[in-house]
Amino acid sequence: MEEMPARRRLVLVPAPAQGHISPMMQLEKDLHLKGFSITIAQTKFSYFSPTDDFTDFQFVTIPESLPESDQKNLGPVLFMLKLNKECQVSFKDFLGQLLLQQSNDISCVIYDEFMYFAEAAAKEFKLPNVIFCTTSATAFVCRSVFDKLYANNVLAPLKEQQDELVPELYPLRYKDFPVSRFSSLESIMEMYRNTIDKRTASCVIINTASYLESSSLSCLQQQKLKIPVYPIGPLHMVATASTSLLKENKSCIEWLNKQNVNSVIYISLGSLALVDINEVMEMAWGLAASNQQFLWVIRPGSIRGSEWIETLSEEFSKMVSDRGYIVKWAPQKEVLAHPAVGGFWSHCGWNSTLESLGEGIPMICRPFSGDQKVNARYMECVWRIGIQVEGELEKGAVERAVKWLMEDEEGEEMRKRAVTLKEKLTASVRSGGSSHNSLEEFAHFMRTL
Ligand code: UDP
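What follows is the structure, given as structure tokens:
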């Protein structure tokens, strides 16, 4: 019998947010099945506590001394800049100790694109390193094009350019640029410049499928990065494991079981977005007028000025009890896979986008910040399985969008296209499919390091 080769240890560094932790944990699960030993190095922020799915994995905490409140108070861009600076030195010492503990048996460091401090430590110990892009390939390209525009001062009149198409980035417009209204353009560009710098990386892996983003992927591979780029996703279709940081309320599945096929619109704005109370009320009235059943995730603290939904009116509660169901956090993948769900009102985070694509569910897109606008534009104009609601939210627009998606012929056409896309994605992660092959090639590459 052929002797099993010794397991090689990989150190993986996820970024501290649900949307980054999930794909990293799914990747770990698959690499572990492929014969690698795994160490997960996290900071104390948004710490993923090991579940039964990860019993053979080593979890370690990178030392740093940032105040707990920074994650909430600084906003994502400044927080990540600060975290990277803070961990730049501490991770080197830490990796040195890990190497001692593991008798130098670490073959590679794989880090989330937003945890670029890890590269310096890998380089110090002459360890190969790999960038894991947990956003889309297009978001990566977009960051590098905007870096160039910013450097050439072409972004100065950004306000007047809002609706214009960006050369090189069709069909993205200037207003789809991944910015956050809570951070200055300078700090955003500093962050982005760091995430697109390949430094000494041996390759880049991306949670996407070649079918979804072929032109962005070839642009990265041939022009921007010039190192191997492996599209290995959607990873949630490759590895099943519970990766939620919050407790999922499964009672909504029982509620869905009582609804008709394709009759429910699922509403979730991800793990970070904050909304104004007015916007929530416009959504509620629009939903009421649309006469559709809905399942709505409202995270505690996600409505500005409210702990949860206690400040919303009695009319709101009545409307919900008539035709809707509200939870604080849902088992989203299970929800999207449920036959009763016919549409998804989403902020278009990359994971939510992939999860919707993977289940053939069309979307109403209401992006907030970061790469969400890029994803929304692709849903609407490239894959043509979403409609975007732009501008100030108003109940009439909500009602029209929901009816359009759930009742109209155009919505039905979108649903058919979404199902075709789901079939293509399912084939891509099966044996012989493009993402499956890419993941195999990547694992092979890891074994050669
Ligand atoms: N999610 C979930 N339950 C919810 C809402 C969201 O499990 O009630 C998960 C969702 O499945 C996705 C992640 O949270 O995997 C959100 O990531 P995404 O990239 O979509 O958005 P972000 O939270 O980063 O804005």
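Per numbering that gives the first Met the number 0, the sequence shown starts with residue 0, numbered consecutively. Where a beta carbon is used, it is the ideal one built from N, C-alpha and C, also for glycine. Quick caveat, the model's predicted, so the values are computed rather than measured.
Q) How long is the line joining the alpha carbons of GLU314 and ILE252, rounded to whole angstroms? A) 25 Å
Q. Cβ-heavy atom distance between LEU271 and ligand 1 below 8 Å?
A. yes
Q. Should GLN57 be counted as a contact of ligand 1 given a C-beta to heavy atom distance under 8 Å?
A. no
Q: Say whether the region 131 to 149 touches the region 163 to 173, bearing in mind that this needs 3 or more beta-carbon pairs closer than 8 Å, one atom from each stretch.
A: yes
Q | 3-residue-minimum beta strand (DSSP E) runs that sit fully inside the region 369 to 424, ordered along the chain | A | 385 to 387
Q: Could you tell me whether the region 174 to 186 touches the region 72 to 84, using the rule of 3 or more Cβ pairs below 8 Å?
A: yes
Q. Within the present structure, is the beta-carbon of ALA449 separated from the nearest heavy atom of ligand 1 by less than 8 Å?
A. The first residue shown for the chain is 0 and the last is 448, placing residue 449 beyond what the model contains.
Q) With contact counted as at least three CB pairs below 8 Å, one residue from each stretch, are the region 307 to 327 and the region 228 to 239 in contact? A) no
**Q.** heavy atom of ligand 1 below 8 Å from PRO233 C-beta
**A.** no
(Q) Could you compute how far the alpha carbon of THR137 sits from the alpha carbon of GLY395? (A) 32 Å
Q. Is any heavy atom in ligand 1 found nearer than 8 Å to the beta carbon of TRP284?
A. no
(Q) Please classify ALA150 as buried or exposed, where buried requires at least 16 other C-beta atoms within 10 Å of its C-beta. (A) exposed
Q: Rounded to whole angstroms, what's the CA-CA distance from HIS19 to THR425? Just pull it up for me.
A: 22 Å
Q.
Quick check: LEU353 and THR194, are their CB atoms within less than 9 Å of each other?
A. no
Q) Among residues of its own chain, excluding the 5 on either side of HIS337, which ones have a beta-carbon nearer than 6 Å to its beta-carbon? A) LEU255
Q: Please state if the CB of PHE35 and the CB of CYS521 are separated by a distance shorter than 9 Å.
A: Nothing in the structure corresponds to residue 521, since the chain is present only between 0 and 448.
Q) beta strand (DSSP E) containing SER305: first to last residue? A) SER305 -> no beta strand (DSSP E), and no H or E assigned at all.
Q. Taking C-alpha atoms, which residue in PHE44, PRO22, PHE56 and PRO49 lies nearest to THR38?
A. PHE56
Q: Note down the Cα distance separating TRP328 from VAL428, rounded to an integer number of angstroms.
A: 28 Å
**Q.** Proximity winner among ILE61, LYS33, ASP52 and LEU32, relative to TYR46 (alpha-carbon distances)
**A.** ILE61
Q: Could you pull out every unbroken alpha helix (DSSP H) segment of at least 4 residues lying fully inside the region 227 to 281, listed in chain order?
A: 250 to 256
Q. Would DSSP call LEU448 helix, strand or coil?
A. coil
Q) Should ALA14 and THR133 be called a contact, given that it needs their Cβ atoms to be closer than 9 Å? A) yes
(Q) Below 8 Å, is the gap between the Cβ of PRO330 and the nearest heavy atom of ligand 2? (A) Absence of ligand 2 from the depicted structure is noted, with ligand 1 being the only ligands included.
Q: Would you check whether ligand 1 has a heavy atom nearer than 8 Å to the C-beta of SER450?
A: What is shown of the chain runs 0 to 448, which leaves residue 450 out entirely.
Q) Hey, quick one: how far does the beta strand (DSSP E) through ASN128 stretch, first residue to last? A) 128 to 132
Q: Give the straight-line distance between the Cα atoms of SER434 and THR447, rounded to the nearest whole angstrom.
A: 20 Å
Q: Report yes if the CB atom of ILE266 is closer than 9 Å to the CB atom of LEU294, and no otherwise.
A: yes
Q: Go to TRP349, then tell me how far its alpha helix (DSSP H) extends in each direction, as first and last residue.
A: 349 to 358
Q.
Need the endpoints of the beta strand (DSSP E) that PHE315 sits in, please.
A. Looking at the DSSP string, PHE315 is not in any beta strand (DSSP E); the run it does join, the alpha helix (DSSP H), is 313 to 322.
Q: Check the C-beta distance from ILE360 over to ALA400 and give it rounded, since I have them as a contact under 8 Å.
A: ILE360 to ALA400, Cβ: 15 Å. No contact.
Q) Do you know whose CA, among GLY269, SER270 and ILE264, lies nearest VAL340's CA? A) ILE264
Q. Quick one, which of ASP51, ARG192, TYR210 and SER64 has its alpha-carbon nearest TYR115's?
A. ARG192
Q: Could you pull out every residue in the same chain whose Cβ sits closer than 7 Å to the Cβ of GLN387, ignoring the five residues on either side in sequence?
A: CYS364, ALA375 and GLU379
(Q) Just list the residues that DSSP pairs GLY342 with in beta bridges. (A) ILE264
Q) Less than 8 Å between the CB of ARG365 and some heavy atom of ligand 1, yes or no? A) no
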